[in-house]
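A short write-up of the structure that comes next.
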Amino acid sequence: MKNVVLKYIYHYILHMFTIYCNMLYFPKG
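Each residue of the sequence shown is one higher than the one before, counting from 118 in our numbering.
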């Protein structure tokens with residue numbers, strides 16, 4: 118069960134990090 122939670126958190130952080138990088142390199146306003 119703990120593995121599933123860690124995997125979910127890892128993917129969530131990776132997703133947010135990707136959005137953050139996109140906002141830094143490609144600002145839209």
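Yeah, the Cβ is synthetic: ideal placement off N, Cα and C, and Gly gets one too.
All values reported here derive from a predicted model rather than from experimental measurement.
Endpoints, the alpha helix (DSSP H) within which residue i is located
i: Lys124; result: Lys119 to Tyr142
Any chain D beta carbon closer than 8 Å to residue i
i: Tyr125; result: The chain inventory of the structure shown lacks chain D, comprising one protein chain alone.
Nonlocal neighbours in the same chain, by C-beta distance under 8 Å from residue i, ignoring five residues either side
i: Val121; result: none
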